[in-house]
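Asker:
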Amino acid sequence: MGGRGVASTGSMSAQDCLFCKMTKGEIPAEVVHDDGEVFAFKDIHPAAPTHLLVIPYKHVETLLEFERDDEALIGRMVTVATKLAREAGIGESGYRLVANCNRDGGQSVYHVHFHVLGGRRFGWPPD
Ligand code: 5GP
Ligand code: ZN
Numbered sequence: 003m004g005g006r007g008v009a010s011t012g013s014m015s016a017q018d019c020l021f022c023k024m025t026k027g028e029i030p031a032e033v034v035h036d037d038g039e040v041f042a043f044k045d046i047h048p049a050a051p052t053h054l055l056v057i058p059y060k061h062v063e064t065l066l067e068f069e070r071d072d073e074a075l076i077g078r079m080v081t082v083a084t085k086l087a088r089e090a091g092i093g094e095s096g097y098r099l100v101a102n103c104n105r106d107g108g109q110s111v112y113h114v115h116f117h118v119l120g121g122r123r124f125g126w127p128p129d
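Sequence positions in the sequence shown follow my numbering and run 3 to 129.
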């Protein structure tokens, strides 16, 4: 309690968090993976033919809030992303695993997530 309506700079409680609501089934999602620890679903505005989001159930706002105790969870997020890329058929052709952090990184949802993007060729460096 207490997070709602409080002036903030991007900080959001788990209770009000869009992605937490998805893990709880309170907001619909096209779920592609759910093991009770890591959850993945299709991005609502796909930027590529395959565009998935891999998130922890744990409400962590940005990469900066990950702690040493989260290292197994972070590893699990990566292996789930790898599994999903293979299943989507973009393993061999190639794909991007991206985490945007804060303003300059282009983060818009403050529950940490990995984008899995594939099915087309991307430029480098990002603009
Ligand atoms: P960010 O900009 O934080 O790196 O990525 C957030 C992503 O969440 C965006 O690609 C955006 O399209 C996606 N997104 C935002 N709202 C929703 C939603 O309600 N459902 C789904 N499936 N994706 C969402
Ligand atoms: Zn959350």
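Just so you know, even glycine gets a beta-carbon here, dropped at the ideal spot from N, CA and C.
In terms of residue numbering, what span does the beta strand (DSSP E) encompassing R98 cover?
Answerer: Segment Y97 to V100, the beta strand (DSSP E) holding R98.
Asker: Give a single yes or no on whether D106 has its beta carbon closer than 6 Å to a heavy atom of the ligand 5GP.
Answerer: Incorrect: D106 has no Cβ contact closer than 6 Å to the ligand 5GP.
Asker: Kindly list the residues whose CB is nearer than 7 Å to the CB of R78, restricted to its own chain and excluding five residues on each side of it in sequence; keep chain order.
Answerer: Hits under 7 Å: E39 and V40.
Asker: Using only the heavy atoms of the ligand ZN, determine whether one of them is closer than 6 Å to the beta carbon of H21.
Answerer: Looking at the sequence shown, residue 21 is not His but Phe. Yes, the Cβ of F21 comes within 6 Å of a heavy atom of the ligand ZN.
Asker: With 16 as the cutoff for other CB atoms within 10 Å, does H113 come out buried or exposed?
Answerer: Buried: at least 16 other Cβ atoms inside 10 Å.
Asker: Measuring straight from C-alpha to C-alpha, what distance separates V8 and L20?
Answerer: Confidence in V8 is poor, its pLDDT being 41 and thus under 50, which makes the residue's placement unreliable; the coordinate value appears in the next sentence. Their Cα atoms are separated by approximately 17 Å.
Asker: Out of W126, D18, H35 and G121, which one is the CA nearest neighbour of P48?
Answerer: Considering only alpha carbons, the answer is G121.
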